[in-house]
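J.:
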Amino acid sequence: MSSRTRLLKAALSALHYSGADSMIAPLTRGIGAIFMLHHVRPEKPSSFEPNRILKVTPDFLEQVIGQVRASGFEIVSLDEAHFRLTEGDHGSPFVCFTFDDGYRDNLEYAYPIFKRHDLPFAIYVPTDYSDGHGDLWWLALEKVIVNVNALSVKLDGVQRRLRCGTAAEKDSAFQTVYWWLRSIDEADARTFVRDLCSDVDFAPDTLCSDLMMNWDEIRQLAADPLVTIGAHTRRHYALAKLTLADARAEIEESVRRIEREIGKPCRHFSYPYGDETSAGPREFDLVKELGLKTGMTTRKGLIHPRHASELTALPRVSLNGDYQKPRYVKVLLSGAPFALFNVMQKASSGASPAA
Numbered sequence: 001m002s003s004r005t006r007l008l009k010a011a012l013s014a015l016h017y018s019g020a021d022s023m024i025a026p027l028t029r030g031i032g033a034i035f036m037l038h039h040v041r042p043e044k045p046s047s048f049e050p051n052r053i054l055k056v057t058p059d060f061l062e063q064v065i066g067q068v069r070a071s072g073f074e075i076v077s078l079d080e081a082h083f084r085l086t087e088g089d090h091g092s093p094f095v096c097f098t099f100d101d102g103y104r105d106n107l108e109y110a111y112p113i114f115k116r117h118d119l120p121f122a123i124y125v126p127t128d129y130s131d132g133h134g135d136l137w138w139l140a141l142e143k144v145i146v147n148v149n150a151l152s153v154k155l156d157g158v159q160r161r162l163r164c165g166t167a168a169e170k171d172s173a174f175q176t177v178y179w180w181l182r183s184i185d186e187a188d189a190r191t192f193v194r195d196l197c198s199d200v201d202f203a204p205d206t207l208c209s210d211l212m213m214n215w216d217e218i219r220q221l222a223a224d225p226l227v228t229i230g231a232h233t234r235r236h237y238a239l240a241k242l243t244l245a246d247a248r249a250e251i252e253e254s255v256r257r258i259e260r261e262i263g264k265p266c267r268h269f270s271y272p273y274g275d276e277t278s279a280g281p282r283e284f285d286l287v288k289e290l291g292l293k294t295g296m297t298t299r300k301g302l303i304h305p306r307h308a309s310e311l312t313a314l315p316r317v318s319l320n321g322d323y324q325k326p327r328y329v330k331v332l333l334s335g336a337p338f339a340l341f342n343v344m345q346k347a348s349s350g351a352s353p354a355a
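Here my numbering is used: the first residue of the sequence shown is 1, the next is one more, and so on.
#1: Distance, Cα to Cα, V125 vs G132?
#2: Take L302 as the anchor and find which of F73, P50, R4 has the nearest alpha-carbon.
#3: Below 6 Å CB to CB, which residues in the same chain sit around H90 once its five sequence neighbours on both sides are set aside?
#4: Whose C-beta lies closer than 6 Å to the C-beta of L12 among residues of the same chain, with five residues either side of it excluded?
#5: Three-state secondary structure (DSSP) at K154?
#6: Is it right to say W137 is buried, meaning 16 or more other beta carbons lie within 10 angstroms of its own, or is it exposed?
#7: Please go through the same chain and pick out, in chain order, the residues whose beta-carbon is closer than 8 Å to the beta-carbon of L314, but skip the five residues on each side of it.
#8: Check whether the Cβ atoms of L377 and H268 sit closer than 7 Å, and answer yes or no.
#9: Between which two residues does the beta strand (DSSP E) holding P315 run?
#10: At which residues does the alpha helix (DSSP H) containing S270 begin and terminate?
#11: Starting from V177 and walking both ways along the alpha helix (DSSP H), at which residues does that stretch end?
#12: Near F99, which residues of its chain fall below 6 Å by C-beta distance, leaving aside the five closest residues on each side in sequence?
#13: Taking buried to mean at least 16 other C-beta atoms within 10 Å of its own C-beta, is Y17 buried or exposed?
#14: Let's test the definition: count the other Cβ atoms within 10 Å of the Cβ of H235 and tell me whether it reaches 16, buried, or not, exposed.
#15: What residue range does the beta strand (DSSP E) around G230 cover?
#16: Give me whichever residues DSSP pairs with F35 in a beta bridge.
#17: Among the candidates T57, E217, V158, T277, whose CA atom is the shortest distance from the CA of K241?
#18: Since T73 is in the beta strand (DSSP E), which residue starts that stretch and which ends it?
#19: CB-CB under 6 Å to A25, same chain, minus the five flanking residues each way: which ones, in chain order?
#20: Would you kindly report the start and end of the unbroken beta strand (DSSP E) that includes K300?
#21: Does K325 come out as helix, strand or coil in the three-state DSSP assignment?
#22: What does DSSP give as the partner residues of R161 in its beta bridges?
#23: Quick one: residues in its chain with C-beta nearer than 6 Å to the C-beta of S352, no 5 flanking neighbours on either side, listed in chain order?
#24: Mind checking who I303 pairs with in its DSSP beta bridge?
#25: When you compare the segment 54-66 with the segment 164-175, are there three or more beta-carbon pairs, one atom per stretch, that lie closer than 8 Å?
#26: Output the boundary residues of the alpha helix (DSSP H) element that contains A222.
#27: In this structure, how does DSSP classify G350 when only helix, strand and coil are distinguished?
Shown next as structure tokens:
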């Protein structure tokens, strides 16, 4: 666990045990929350698991559903959330559950839980993944590092030898290479990881066939009115790194392909990676121009009435493997951490906290 994660956990726990989150909540809760998830599957503890944040257990998902309902939140579809925002008919506070990437465990573990409770949820699909030939490069990088004791790589023109003998060294090597890959051209990043895979005789294409839903499985889910299938581009590229024409094509082609495959309109979108470096005003405008109802970022926050004018730049609350405790969910749904973060961010930039 990183020092940053320990610090965040301590801060969330302090808000919970002090009761500060409950005191602040009436001012910060907003009208709803959109949860972001990726994998749902049973825990398989490992000393080196750098992508653990992308995974929660079925038991935790079940627990969160019960917790939010007991707290007075209504679990609604994306269409219903869109309606409440655009019509100003906010009603009771709401929660949406959204899953990025289209992992098969969403069908195997998450879907039965939502079906049993008769609750809606959404899955965003990169169409290349469903075709079985997309690049899950962050998982491929993990596979490479788990099998070596050292990694020789050239980063920004500098040859480096990263030690990978222990779990801590492997994690450090992963973080170093991962964030460098996030900073470079999308196609170059994938070529780089494929070359690493070749060095250890690992076939990265097997990740798609092993882990991602194919079109038959997606159609199975799409046939259920509880399930919304949204678009997540074609190749899972950070759109902000692409030309305007290429970014438009990534969005438009993925939407049209999904519509052909499931025989239904595709009206919701999620930006790959979704942070400020991966999607911004240009991408938000593109999604709006292409007629999509909503666009989901990975920027942290709850939903407020002002988001009626920011429908293609909606924030989400990440449910991830490092924070599988009811108290963390409670504090996040209070809105207190996001409000405090915004105040500190504005203070550090010299802006008025009230700005």
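Ideal placement from N, C-alpha and C gives every residue a C-beta, glycine not left out.
T.: Taking the geometry as given:
#1: Going from the Cα of V125 to the Cα of G132 covers about 12 Å.
#2: Of the residues F73, P50, R4, the one whose Cα lies closest to the Cα of L302 is F73.
#3: For H90, where only same-chain residues beyond five positions count, the Cβ hits under 6 Å are I31, R84.
#4: Excluding residues within five positions, the ones whose Cβ falls inside 6 Å are Y328, V331.
#5: If DSSP states are grouped into helix, strand and coil, K154 belongs with the strands.
#6: Taking all protein chains shown into account, W137 has 16 or more neighbouring C-beta atoms within 10 Å of its C-beta and is therefore buried.
#7: If we look at L314 and ignore the five residues flanking it on each side, its Cβ neighbours are I34, T294, G295, M296, T297, I303, H307.
#8: Absent from the model: residue 377. The displayed extent of the chain is 1 to 355, so no value can be given.
#9: First-last of the beta strand (DSSP E) with P315: 314-318.
#10: Bounds of any alpha helix (DSSP H) do not take in S270; it lies within the beta strand (DSSP E) bounded by 268-270.
#11: Its alpha helix (DSSP H) spans residues 167-183.
#12: Result list for F99: L37, N106, I123, in chain order.
#13: Counting every other CB atom within 10 Å of its CB across the protein chains shown gives Y17 a total below 16, marking it as exposed.
#14: Just to set this straight, residue 235 is Arg in the shown sequence, not His. Here R235 is buried: its Cβ has 16 or more other Cβ atoms, across all protein chains shown, within 10 Å.
#15: Segment 227-231, the beta strand (DSSP E) holding G230.
#16: Bridge partners of F35 according to DSSP: F97, V317.
#17: Per the Cα distances, T277.
#18: For clarity, residue 73 is Phe in the given sequence; the question names Thr instead. Here F73 belongs to no beta strand (DSSP E), and DSSP marks it neither H nor E.
#19: The residues are S334.
#20: Unbroken beta strand (DSSP E) run through K300: 294-300.
#21: DSSP places K325 in coil when its eight states are reduced to three.
#22: Answer by DSSP bridge pairing, in chain order: S152.
#23: Low confidence applies to S352: its pLDDT is 32, below 50, so where it sits in the model is not reliable, and the reading given next is rough at best. Nothing listed; no residue qualifies.
#24: As computed with DSSP, I303 is found in a beta bridge with G32.
#25: Judged by Cβ distances under 8 Å, the segment 54-66 makes no contact with the segment 164-175, as fewer than three pairs qualify.
#26: Residues 215-222.
#27: Caution applies to G350, whose pLDDT of 48 falls short of 50 and renders its modelled position unreliable; the model cannot decide the point.
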